[in-house]
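Asker: Protein sequence lines correspond, in order, to chains A and B. In terms of the numbering used here, the first sequence has 104 at position 89, counting the first letter as 1, and numbering is strictly consecutive. In terms of the numbering used here, the second sequence has 48 at position 33, counting the first letter as 1, and numbering is strictly consecutive. The beta carbon of each residue, even a glycine, is placed where N, CA and C say it ideally should be. Please find one structure pasted underneath; my questions will follow.
Protein chains: 2
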Amino acid sequence: MTRFGEDWSRGFRDLILEAGVRALEDCGLSGSEIEALYCGTMASGALVGQEHAGALIADFMGLTPIPSTRLEAACASGGVALRQAYVTVASGVHDIVVVGGVEKMTDVPTAEASYALGGAGDQEWELFMGATFPGLYALMARRHMLDYGTTQEQMAAVAVKNHANAAKNKYAQFQNEITIETVMKSKSVASPLKVFDCSPITDGAAVVVLAPLEKAKKICEQPIEIVASEQASDSIALHDRESLTKIKATEIAAKKAFERAKLAPKDIHVAEVHDCFTIAEIMAIEDLGFVKKGMGGKATEDGLTRIGGQVAINTSGGLKGCGHPVGATGVKQAVEITWQLRGKAEGRQVKGAEIGLAHNVGGSGATAVVSIFRKVW
Amino acid sequence: MTRFGEDWSRGFRDLILEAGVRALEDCGLSGSEIEALYCGTMASGALVGQEHAGALIADFMGLTPIPSTRLEAACASGGVALRQAYVTVASGVHDIVVVGGVEKMTDVPTAEASYALGGAGDQEWELFMGATFPGLYALMARRHMLDYGTTQEQMAAVAVKNHANAAKNKYAQFQNEITIETVMKSKSVASPLKVFDCSPITDGAAVVVLAPLEKAKKICEQPIEIVASEQASDSIALHDRESLTKIKATEIAAKKAFERAKLAPKDIHVAEVHDCFTIAEIMAIEDLGFVKKGMGGKATEDGLTRIGGQVAINTSGGLKGCGHPVGATGVKQAVEITWQLRGKAEGRQVKGAEIGLAHNVGGSGATAVVSIFRKVW
Chain A
16 MTRFGEDWSR GFRDLILEAG VRALEDCGLS GSEIEALYCG TMASGALVGQ EHAGALIADF
76 MGLTPIPSTR LEAACASGGV ALRQAYVTVA SGVHDIVVVG GVEKMTDVPT AEASYALGGA
136 GDQEWELFMG ATFPGLYALM ARRHMLDYGT TQEQMAAVAV KNHANAAKNK YAQFQNEITI
196 ETVMKSKSVA SPLKVFDCSP ITDGAAVVVL APLEKAKKIC EQPIEIVASE QASDSIALHD
256 RESLTKIKAT EIAAKKAFER AKLAPKDIHV AEVHDCFTIA EIMAIEDLGF VKKGMGGKAT
316 EDGLTRIGGQ VAINTSGGLK GCGHPVGATG VKQAVEITWQ LRGKAEGRQV KGAEIGLAHN
376 VGGSGATAVV SIFRKVW
Chain B
16 MTRFGEDWSR GFRDLILEAG VRALEDCGLS GSEIEALYCG TMASGALVGQ EHAGALIADF
76 MGLTPIPSTR LEAACASGGV ALRQAYVTVA SGVHDIVVVG GVEKMTDVPT AEASYALGGA
136 GDQEWELFMG ATFPGLYALM ARRHMLDYGT TQEQMAAVAV KNHANAAKNK YAQFQNEITI
196 ETVMKSKSVA SPLKVFDCSP ITDGAAVVVL APLEKAKKIC EQPIEIVASE QASDSIALHD
256 RESLTKIKAT EIAAKKAFER AKLAPKDIHV AEVHDCFTIA EIMAIEDLGF VKKGMGGKAT
316 EDGLTRIGGQ VAINTSGGLK GCGHPVGATG VKQAVEITWQ LRGKAEGRQV KGAEIGLAHN
376 VGGSGATAVV SIFRKVW
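What follows is the structure in structure tokens.
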């Protein structure tokens, strides 16, 4: 992956190229061995005027004439690209497949980016009416506070933990630790969410390489198996949801993924979950089954999701600390889990991590992808 | 599919819903039997402010919580969605899969749509420098005229044939026949291309349903087998291409598709090819191997590509006559081929059609998808 952040010196294509070269170097493959390419990007049309990103990337990575396809599911674009590549390897149509995710978000004014990102929700019923994404997640936060007594300090604890992790990750956008007070005193964005409850606008790219397991074992010394990758959908507008305090698509995708992997939440040592807002991480750890519904805030406050706790959540720093180049996030999660299972996560390493999970959400929860990874050497 | 055209009364979601309901009615399946959804749309973000179209469509078709994914490859978005759904069925991960394509293009001014469509080429090297899509194809047309003596009248013959076919298709945007003179006297867009050399701006949607062959035979009386679906990429900017007079990605995808299908161009009875401009159809029939390189113009003028000719090209009316809602086009091609192989193409039926081909191009040729279909009952 690239170092995430505000990158004024490089464009969309430079970012994915850098991540791509690093991924190929890591596995020691040459471009001529790659059979297909999938790329997640959410809003390259609105953010850099570039659609048709699949072909662009194949071109700039020197991989033409292989099939190269862009996938999009808002902030879950990287996750669906990863899953579709996994399905493709399973089909036998292609063996060695590169999956990238990329977003260049800082080339347009923030208001323009906000409008583009609003397209992740229901344009007619939400965006057109003035609902921004912080606004939508603020509704979820308010309801979670009302139903379960979740506090703003508990949400702040998510940001504090994730900044602490990011501070140990040289690829993270933010490298500074913060305190509960930093969050509580920061400017309100959409009450009860404050600036430090929100993930940032980020430029970045991430790439992984997939192959059938037996082939992967020959290619690299530390292959990671994707034991499951499941995806689910829900109504795109909040007003049609069964509940405002859970992401039903996460529950469904997680249930299927655990079943396919023959594993349970207690088996997971390390997980990257979708914390676009602090309340989103609290809901995620509940919906994924790591803690009981309603207990996500308290669990975070009690340190259960820290490195060394019951389950290490967002060791990369998550979307909050590591940054959130939307299309890249789902692939970056796979990169972090790979580093963790390989014991290469440096100062943020989870000891003995053998099984990891990545959880990527699109929009306010209309898409969720849950993938489970296992060390196999 | 929906009737293609300028549709002022309905929105993006209404179009795909109508096509989706028709497809499910056609095969007699209920929504609960659908396991996954793929949707091609090129620029819903720029054209209707809506990204995350996969989830939106699952929602409005009442198909949540199934996985639903948007794919994009410019004007080949429908083609890549079809191919990815085919790969997914082949993987065994999902059996019954719905593939849609949709674009609502008339909700923004034409200049805005043109800019969005320009994102199908290289934003930095082409669009930003002022090259529009008619401009890019005009370069190809000029070179084809220079190298092979292709004439403007031969290009006009493509439009005349495709309008004649469209006039027999109740789903087509244009239902009027035209003459060579109509084309030759129409306003210049980017010389030598005139208004009637260009496909129109169109609203529309198309949907097909895929299943493993044995299952499809149980579900419907007239199943069509996809015997091959291949995709290739090329440099996104024209200036990096090997040649301006062919689409290399078409050549490569076609070669692979014919190999996999164990068929040759002469075996094809009916083909939908990507005629975004008249010159594009001339190059397509050459690159697909239906006629020798350089002979596409003459073959068209001589009537070899008419219904009843050597191979019937664009019986639907093609992009020129039937219309070109970009994300829908690749799926519409599959719909037309299905109708042809089922003998249900009414006044434009190709007698005894048993094998068909669909050819979908993204941008100026950086993506091409070629699929071959066979009647199997």
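(1) Relative to chain A, which residues along the region 140-154 of chain B have a C-beta separation below 7 Å, given in chain order?
(2) Once you ignore the five residues that flank Ala-314 (chain A) on each side, which residues in its own chain have a CB closer than 8 Å to its CB?
(3) From the beta carbon of Asp-255 (chain B), is the nearest beta carbon of chain A less than 9 Å away?
(4) Classify Leu-225 (chain B) as helix, strand or coil using the three-state DSSP reduction.
(5) Taking DSSP as the reference, what is the three-state secondary structure of His-178 (chain B)?
(6) Anything in chain B within Cβ reach of Gln-138 (chain A), meaning under 7 Å, just list it in chain order.
(7) Helix, strand or coil: which one does DSSP assign to Ile-322 (chain A)?
(8) Can you grab the Cα-Cα spacing for the pair Ala-220 (chain B) / Ile-31 (chain A), in whole Å?
(9) Counting only Cβ pairs nearer than 9 Å, list the residues of chain A close to Pro-124 (chain B).
(10) Taking CB distances under 9 Å as the criterion, tell me whether Ile-49 (chain B) reaches chain A.
(11) Tell me, please, whether the CB atom of Thr-217 (chain A) is closer than 9 Å to any CB atom in chain B?
(12) By how many angstroms is the C-alpha of Val-223 (chain A) removed from the C-alpha of Ala-269 (chain A)?
(13) For His-254 (chain B), does the three-state DSSP call read helix, strand or coil?
(14) Just list the beta strand (DSSP E) runs in the region 266-346 of chain A, keeping only unbroken ones of 3 residues or longer that don't cross its boundaries, in chain order.
(15) So for Thr-79 (chain B), helix, strand or coil by DSSP?
(16) Beta carbons nearer than 8 Å to chain B: which residues of the region 70-93 of chain A have them?
(17) Please work out which residues of its chain come closer than 6 Å, Cβ to Cβ, to Ala-58 (chain A), disregarding the five sequence neighbours upstream and downstream, and give them in chain order.
(18) Going by CA-CA distance only, name the one from B:Ala-368, B:Gly-93, B:Val-346, B:Glu-257 that's closest to Thr-79 (chain A).
(19) Compare the C-beta of Ile-387 (chain B) against all C-beta atoms of chain A and say whether one is closer than 9 Å.
(20) Counting pairs of Cβ atoms below 8 Å between the region 277-285 of chain A and the region 79-94 of chain B, do you hit three or more?
(21) Leaving aside the five residues before and after Gln-237 (chain A) along the sequence, list all residues of the same chain whose C-beta is less than 7 Å from its C-beta, in chain order.
(22) Does the beta carbon of Glu-296 (chain B) sit closer than 9 Å to a beta carbon anywhere in chain A?
(23) Val-95 (chain A) CB to nearest chain B CB: under 9 Å?
(24) Buried or exposed, going by whether 16 or more other CB atoms sit within 10 Å of the CB of His-196 (chain B)?
(25) To the nearest angstrom, how far is the alpha carbon of Arg-18 (chain B) from that of Pro-340 (chain B)?
(26) Taking its Cβ as the centre, do 16 or more other Cβ atoms sit within 10 Å of Trp-23 (chain A), making it buried, or is it exposed?
(27) Indicate whether at least one CB of chain A lies closer than 9 Å to the CB of Val-117 (chain B).
(28) Just reading off the beta strand (DSSP E) that Phe-388 (chain A) is part of, what are its end residues?
(29) What is the rounded straight-line gap between the Cα of Ala-295 (chain A) and the Cα of Tyr-152 (chain A)?
(30) Kindly list the residues whose CB is nearer than 7 Å to the CB of Gly-378 (chain A), restricted to its own chain and excluding five residues on each side of it in sequence; keep chain order.
(31) For chain A, is any of its Cβ atoms less than 9 Å away from the one on Gln-99 (chain B)?
(32) So what does DSSP say about Asp-110 (chain B), is it helix, strand or coil?
(33) Identify the continuous beta strand (DSSP E) that holds Ala-247 (chain B) and give its terminal residues.
(34) Using a 10 Å radius around the Cβ and a threshold of 16 neighbouring Cβ atoms, would you call Arg-275 (chain B) buried or exposed?
(35) Output, in chain order, the set of chain B residues within a Cβ distance shorter than 8 Å of Gly-342 (chain A).
(36) How many angstroms separate the CA atom of Arg-85 (chain B) from the CA atom of Gly-94 (chain B)?
Answerer: Let me spell this out:
(1) Leu-142
(2) Ile-300, Phe-305, Val-306, Thr-320, Gln-325
(3) yes
(4) strand
(5) helix
(6) Val-63, Gly-64, Gln-65
(7) coil
(8) 32 Å
(9) None at all; the shortest Cβ gap to chain A is about 16 Å.
(10) no
(11) no
(12) 22 Å
(13) helix
(14) 285-287
(15) coil
(16) Ala-70, Leu-71, Ala-73, Asp-74, Leu-78, Thr-79, Pro-80, Ile-81, Pro-82, Ser-83, Thr-84, Arg-85, Leu-86, Glu-87, Ala-88, Ala-89
(17) Ala-131
(18) B:Glu-257
(19) no
(20) no
(21) Arg-357, Trp-392
(22) no
(23) yes
(24) A small fix is needed here, since residue 196 (chain B) is Glu in this sequence, not His. Exposed, by the Cβ-count rule.
(25) 11 Å
(26) exposed
(27) no
(28) 382-390
(29) 8 Å
(30) Ala-89, Cys-90, Ala-135, Gly-136, Ile-251
(31) yes
(32) coil
(33) 239-248
(34) exposed
(35) Under the 8 Å cutoff, chain B gives no residues; its nearest Cβ is about 10 Å from Gly-342 (chain A).
(36) 12 Å
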